[in-house]
Each structure stands twice: as C-alpha cells, then as structure tokens.
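Protein chains in written order, with the numbering used here: chain A, 1 to 324; chain B, 1 to 324. All remarks here apply to the structure that follows.
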DNA sequence: GTCCGTTCTGCACGTTTGTGCATAGAGCTT
DNA sequence: AAGCTCTATGCACAAACGTGCAGAACGGAC
C-alpha cells in the first residue's frame, strides 16, 4: 500500500482518537477532504492500527460473569444479544465480538492453534487485521471425512486467521478421524505430521468452539459424514456430551476410555490444558451440555458466549448458590 | 454509582464497539433513548471501560519516529500538531495524547513516579480514568520553594493521577532544593522520608517532563523562586543544559560534579535509569537542548513529543545520516 | 406527607459522520 | 500516445451522533 497513505492514516487516527479533533479539522490539516479522512480512519481501524478494547473490571462486572468466573475459573466475556435474534444472527454477533476480543490477545511470535467448525468459521469472518511478526496459525485437528478431504472448509478458516494476523498457516492434512487407530499411530510417526504436532505442543493460544452431542443443530462432526452408525452408537452409550476439536469427553470432564478418541486427530485434553491461553467460543443454548463438560474438564481459560447461554449455564444446578 | 447503569454502559460499549451496532439499535435493546445510549457510551469511554489505543507498527512508522527511535533507543510517539498552533495549544494536544498513551501502560500493582511542572500539570488534566488495584502514585521530587510550600500545585497533579487510576497518592513534602546539602542528608535518614524513597526505588513507571535552561519560557524551576542568584550562576558556568525532576545534567548526559544536585530532592539519574518504564513528555521546540541531554543520558524509555520538536531533534547535527 | 436540591431522561436541534456515485488520476499494455 | 483498468477523491445526501434544555424521577430533610 502507499506508505504515505498509511502514515496519513496514523496521523488521522492519532488526531481523531487521541486528540478528539473532528474529521473536518483533520481534513484541513491533511489538506484533503473530510470523506477521505473518514475513509482513512476506517482503514486505520480495520488494519489494526487502532485497537479498541473493552475491559470490564472483574469485580464490578454483571452478576452472570462473576458467577461463571468463580465457578469455572475462566475469564468470561458475555456477549449481549437481543433474545429475539435467531440462531444465525446470534452466532454472528458472538463471532464478531469474539474476533475483536481475540485481537488484543494475539501478539508477535505466537503459535496459535485453531480448530474448525461453524463457530470458528463465523469468527474467522470477523477478524480484524493486526500486524504481527513470526506468528504461526496451526490447525488443531484434521478435517477430512468420508466424502471430502475437508480441505477447503477448514483451510478457509485457517487462511483468514493467517491473513488477519500476517501469520504463516500450517494446515493439518489428515482426516478428522482415522478408520483404524493403527493408521493414526503410523501417521503420527511421519515427519510431516510430527512437524505439526511439535507446533501444537508449543502453542501459546488455542481457539476452539465446542460440539454438543444433543445440540438442536448438531455440529458438523455429528452430522457431516465424519462418523458412521456404529461410531454414533458408541458415543450414545458412553455418556459423551460433546467434543473440542473432535476429541470427546463426558459430562464430568473425563475422556478416558472413549475409544473414538484413539482415532481422532485433535490434541488430547491433557495436551490442550498445557496451552497458556485457551479461548472457547460458544453460541447457542443447545450447546450447553457440551459446554459444561468442556468447562468441567478445564479446557478453557477464556470463554466467550452469548447471554442466553450464559444465563442457562448459571441456572443449571443452582450455580447461583456458589456465588454467595 | 448506580451499578445497573454501569452494567448498561458495559453492554452498550460491547454492542457499539465490538458489534458495530448503532446507538439507535442499542437504545431499543436497552429500552431507553438514543441520547441516553450516547451518554452511556461517553461515560464508558471516560471511565476507562473502553480503551482505545493506537499501535503504530514500528517498522512502518513515519521516518521521524524511526530515526529518533534508532538513534536514542526510545519508543517514540510523535504528536501531530498543526504548525500554526501556539505554545499553549501545542502543549494541550501533546498532553492529551500523552495522557491517553499512558493509560494503557498503567496497570494494577504499579508504583508510578510522577514529577511536577507545567507539562505534567497539563498531562494530569487529560488523564482518562482506568480502574486499577493497589497502584501507588509517588511524587518524584519535592516542590517547596522560598515562597510557597508548593503543596497545592504539585499535589493537584498527584491527586489527578491518583483519582484517574484509583491509586494511593504519596506526596513528598520537602522543598525542591534544600539550602544545605547537610539538611538533605539528615532528612534522608528520617523514616517518613525513607518510606517515600523506598517507594521510589520500587517504581515500575516514571513520568516526567524536562526542563531546559535556555527555554523561551523557562521552566518553573528556573523562574519560580526555587534557585537564587548564585545557584543560577553555578548552572550557567557548569554546562548544564536541563533537568529532569530537578536533577540537572549536561549536554553529554553527565551529571557528576554538579553541586546543585546534592541539594536536589529528585532521584539521581542512575536511580531513574533503574525504572523499567520511563516516560518523558516534551512540548515545545525551545526545550530541545534539555531534551537532547536527557535522551543522551538515557533517561527515557518512552518519549512523547510534538512534531516540530521531533523534527528539530532529527535536524540537529545531521541525525538523519544515522538512518541510512 | 411536603419541600428542595440533585440526577436522570427524552426531545429537538445542529453538528458530525458514512457512503453511493461520478470523476480524476495512476499505472499498465499495446 | 492512446486505450484500458483499477483505485482514490470529492461531492452531496442521508444517517448517525452530541448536547442544551425542560421536565420527570429520585432521595433526603423536616
């Protein structure tokens, strides 16, 4: 881009946001039209030059947040949404706010693990640009299935993250689930795969949604041809409530003995918990069971969710009592 | 304040800044009028709920900044100001932008050393609120002189810092200069003084302007009855170019053998250099000599100054050559 | 209860801002 | 140089916004 335009954008942003001048005054100084200033500012905003963040003082925040925070020990961001909004609109709002909340967390030299799914897809569409150096986006779990290699869907998400943060993108070109655990073991010894696994092991940030087995609109994983009849039966009979990055867990947060996980390509829950910043984005009340499992399992350090779901989370089993 | 108003402000801020809704839409959701939303947002901004910051990518910044940064190894923020502005207006702009630049740097548990003077006074008037816990504002140097105890002037500055950040304020109730070095030695052994000195030793942030001996409008120190005729003579004959917190230095950054410093109450340059974040605010070209000395002495890690002064700093002795 | 002072609210108005559109200009090809 | 495409600009209009003001609501004091 024209460097002088960039520097004009910077000047304009400083004068507008830091000195409270009007666009008119800035235009006169920059010897251009007011509309150009308006556009400069908007480009400054979505190129990440201007960072706007909301910090809600932990202690004065609304009750909802406090309760969830105390009970699950996560940093909560409740997204206010009108109750009349439909599922898709809610997801869009949550995704938008999630994208902007993530922005300030991302920094240079970060290794960022990203899952895929409808939630992450929505988030990826709303990312605001922020220039970082030597960051890497690494895919958390494979995306292929019986019908497609899943490449385009997941890779679109990855690519958007990569270009928003100027980061290198490392895809994980394996199916979501192997048919045979043995194949996974073999692949995991391949050097091409190990490169990805090593990156994952060094992740400083992980971003994921949750799948919930009983969601009204089941996640891709449960509906998209990833699992066959017998797999679904296994899930149904093993108390599994949901998944994160195609790794399943029960309501109590445990995941031991769930055979499907041996064929899954996502990081184990234990490995995920090693990551310093683990950001979970959830939209839609019907994911509540999966969400509760994920929180109980301690998978998230940061939780971004819509207000209605937050409320249900609190209502559940008198969680409110824990706040007294 | 009404807690529900606070939480409304938070909701409004999230919807406005993070979801790009219009105030109108937010008003409908909050069941109030648009004007109320406008006011909620403005209260959210100046209560520090909304943080807006400009991060200019170090490598793409305008030439001016790059040159100064490389030469003096400081983080530079050049404040764009119209050249036609007068001294006072420039100071106001610089102070405003300085205040907002400082905001994001301040955090809980910080011990913040603050000097006094016309620059700091202006900055203190533009601070935006930000709630922190267990922060302390500590006065860097005494403010008393022959005519007044200096209490109100300096303490106003301190108080504003304190209330902006919700911090405890520790004043330093001594004169700016002792008449006799021996008195200083004695006082420095007083426990009440030692408490302040210990706080200063633990500072994580220091904020100060610079005085310049030859400034058009001399700093308070040189004009306000702090020094008598013979003191000024000493300064004139010892190559002193300026001061930071009433500690003097020469153009080459040295301060050894300047006798006045033995009676001054500010932290020694060596002590100041221990502080992790040292923010220097300068407005007005006539401070250029003092500024150059301070930078040469390595007193600042962050420099906020107006464009004209920045340009002069670069023009000086072909500093531009250093950028090639 | 009434009174008074303070704070909050919505309205109305003027100001400030975003954006579709037509045009000018830059860069590239032939 | 002419012709082309693509981007940036300014205009003009509509949308969004800030704020003085008058009235409503609140919270003591008596």
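Think of the CB as a built atom: it goes at the ideal place given N, C-alpha and C, for glycine as much as any other residue.
query: If you run the structure through DSSP and keep just helix, strand and coil, what is residue 19 (chain B)?
result: coil
Residue ranges of each beta strand (DSSP E) within the stretch 199-249 of chain B, 3 or longer: 205-208, 240-244
query: Ends of the alpha helix (DSSP H) at residue 65 (chain A)?
result: Segment 63-72, the alpha helix (DSSP H) holding residue 65 (chain A).
query: Rounded to whole angstroms, how far is the Cβ of residue 248 (chain A) from the Cβ of residue 254 (chain A), which I believe are closer than 8 Å?
result: No, residue 248 (chain A) and residue 254 (chain A) are not in contact; Cβ-Cβ is about 10 Å, not under 8 Å.
query: What is the C-beta distance between residue 41 (chain A) and residue 13 (chain A), in whole angstroms, given that I count them as a contact (C-beta under 8 Å)?
result: Indeed, because the Cβ distance is near 6 Å, the residues count as touching under 8 Å.
message: By the three-class DSSP mapping on this structure, what secondary structure does residue 196 (chain A) have?
response: helix
query: Taking all protein chains shown into account, do 16 or more other C-beta atoms lie within 10 angstroms of the C-beta of residue 56 (chain B), making it buried, or fewer, making it exposed?
result: Residue 56 (chain B) is classed as buried because its beta carbon has at least 16 other beta carbons within 10 Å across all chains shown.
- request: Using three-state DSSP, classify residue 251 (chain A) as helix, strand or coil.
  value: coil
- prompt: When you compare each of B:207, B:260, B:155, B:238 to residue 303 (chain B) by their alpha carbons, which one comes out closest?
  reply: B:207
query: How many angstroms separate the CA atom of residue 81 (chain B) from the CA atom of residue 305 (chain A)?
result: Between residue 81 (chain B) and residue 305 (chain A), the C-alpha separation is close to 43 Å.
- prompt: Excluding five sequence neighbours on each side, which residues of the same chain lie with their C-beta closer than 7 Å to the C-beta of residue 325 (chain A)?
  reply: Outside the shown range of chain A, which is 1 to 324, sits residue 325 (chain A), and nothing can be said about it.
- prompt: For residue 173 (chain A), does the three-state DSSP call read helix, strand or coil?
  reply: The answer is coil: DSSP assigns residue 173 (chain A) none of H, G, I, E or B.
The stretch 128-142 of chain A / the stretch 95-109 of chain A touching (three or more Cβ pairs under 8 Å): yes
message: At the 8 Å Cβ level, is residue 96 (chain B) part of the contact set with chain A, yes or no?
response: So yes, residue 96 (chain B) belongs to the interface.
task: Check whether the Cβ of residue 54 (chain A) lies closer than 8 Å to any Cβ atom in chain B.
output: yes
task: Provide the residue(s) that pair with residue 137 (chain B) in DSSP beta bridges, ordered along the chain.
output: B:112, B:169, per the DSSP bridge assignment.
task: Taking residue 34 (chain B) and residue 24 (chain B) to be in contact with their CB atoms under 8 Å, please state how far apart those CB atoms are, rounded to whole angstroms.
output: Rounded, the Cβ-Cβ distance is 5 Å, consistent with contact.
field: Check whether residue 170 (chain A) and residue 199 (chain A) have beta carbons under 8 Å apart
entry: Yes, the Cβ-Cβ distance between residue 170 (chain A) and residue 199 (chain A) is below 8 Å.
9 Å Cβ cut-off: residues of chain A touching residue 165 (chain B): Result: empty, since nearest Cβ-Cβ is about 12 Å, beyond 9 Å.
task: Measure the alpha-carbon distance for residue 322 (chain A) versus residue 69 (chain A) and round it to whole angstroms.
output: In this prediction, residue 322 (chain A) has a pLDDT of 46, which is less than 50 and means its spatial position is unreliable; nothing more can be read from the coordinates.
message: Our contact map puts residue 175 (chain A) next to residue 142 (chain A) with C-beta atoms below 8 Å; I'd like the distance itself, whole angstroms only.
response: 5 Å
query: Excluding the five sequence neighbours on either side, which residues of its own chain have a C-beta within less than 6 Å of the C-beta of residue 285 (chain B), listed in chain order?
result: 308, 309, 312
field: Contact set between residue 67 (chain A) and chain B, taken where Cβ atoms lie within less than 7 Å
entry: Those do not exist, as residue 67 (chain A) stays about 14 Å from chain B at its closest Cβ, beyond 7 Å.
task: Quickly, what does DSSP pair residue 303 (chain A) with across the bridge? List them, please.
output: A:76, A:280
- request: With residue 50 (chain A) as the anchor, note down where its alpha helix (DSSP H) starts and where it stops.
  value: First-last for residue 50 (chain A): 50-54, but that is the beta strand (DSSP E), not the alpha helix (DSSP H).
message: Could you check whether the Cβ of residue 274 (chain B) sits closer than 7 Å to any heavy atom belonging to the ligand MN?
response: This structure lacks the ligand MN, and indeed carries no ligand of any kind.
task: Examine chain B for any beta-carbon lying closer than 8 Å to the beta-carbon of residue 226 (chain A), and answer yes or no.
output: no
task: Quick one: grab the DSSP three-state call for residue 298 (chain B).
output: Coil, per DSSP.
- request: Please decide whether residue 79 (chain B) counts as near chain A, where near means a Cβ-Cβ distance under 8 Å.
  value: yes
message: Can you look up residue 103 (chain A) in the DSSP assignment and give me helix, strand or coil?
response: helix
- prompt: Excluding sequence positions up to five away, which residues of its chain have a Cβ less than 7 Å from the Cβ of residue 195 (chain B)?
  reply: none
Contact with chain B by residue 85 (chain A), beta-carbon distance below 8 Å: no
field: Coarse secondary structure for residue 142 (chain B), derived from DSSP in three states
entry: coil
- prompt: For residue 268 (chain A), which three-state DSSP category applies?
  reply: Coil at residue 268 (chain A), not helix or strand.
- prompt: Straight-line CA distance for residue 166 (chain A) to residue 163 (chain B)?
  reply: One alpha carbon belongs to residue 166 (chain A), the other to residue 163 (chain B), and they sit about 40 Å apart.
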